[in-house]
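The structure appears below as structure tokens.
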């Protein structure tokens, strides 16, 4: 009886193991880190971010701070009154222990970086002041050189050449 139960359990286990697809659980993304502090660009306080309202949140459009780790790029962090705040929340744990590099308007890199750490809750990183070099001087757009529009020379209007009217000849 015990042997029969063991065989049945073994057959059921084998059939379930072979028939079931392998299910891999993916881990949840790590909790984000929120960086904030003062910001200077080229030695001066940058202008406030330009934002647009998307649903219930503000989305940074211009004058933004972003954080990059490998191929991950954060949403734009907002600059307001000389301070910034940016949330760094990568999609999976492969980014843990990666270097976090900060960019202003995706043009200049901050003078400091951080290492992304895993945390059981939101990781708040206050007083993480960022200093950026001056923005590069934009290349001026070439202006078109005005060209002289030729003024058409009036053509003489042809006039009819008068022809002598033939006179009848004397017929004698």
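Numbering (UniProt numbering), first residue to last: 1 to 172. Built from N, CA and C at the ideal position, the CB exists for glycine as well.
Assumed close pair residue i, residue j - CB separation to whole angstroms, cut-off 8 angstroms
| i | j | result |
| --- | --- | --- |
| residue 65 | residue 84 | 5 angstroms |
| residue 79 | residue 114 | Contact doesn't hold; Cβ gap of about 18 angstroms is too wide. |
| residue 37 | residue 127 | 5 angstroms |
Distance CB(residue i)-CB(residue j) smaller than 8 angstroms
| i | j | result |
| --- | --- | --- |
| residue 98 | residue 116 | yes |
| residue 75 | residue 87 | yes |
| residue 35 | residue 125 | yes |
| residue 177 | residue 62 | An answer regarding residue 177 cannot be provided, because it is not within the stretch 1 to 172 covered by the chain. |
Where the beta strand (DSSP E) containing residue i begins and where it ends
| i | result |
| --- | --- |
| residue 114 | 108-115 |
| residue 149 | Residue 149 -> no beta strand (DSSP E), and no H or E assigned at all. |
| residue 37 | 33-41 |
| residue 135 | Premise fails: residue 135 is in no beta strand (DSSP E) and is neither H nor E. |
Cβ neighbour criterion (16 or more within 10 Å) applied to residue i
| i | result |
| --- | --- |
| residue 160 | exposed |
| residue 144 | exposed |
| residue 140 | exposed |
| residue 33 | buried |
| residue 100 | buried |
| residue 46 | buried |
| residue 77 | buried |
C-alpha gap between residue i and residue j, whole angstroms
| i | j | result |
| --- | --- | --- |
| residue 24 | residue 136 | Annotation note: pLDDT 48 at residue 24 (below 50); position unreliable, coordinate value reported separately. Residue 24 and residue 136: Cα-Cα distance of roughly 48 angstroms. |
| residue 131 | residue 55 | 31 angstroms |
| residue 151 | residue 138 | 38 angstroms |
| residue 134 | residue 57 | 29 angstroms |
| residue 158 | residue 142 | 47 angstroms |
| residue 102 | residue 27 | 26 angstroms |
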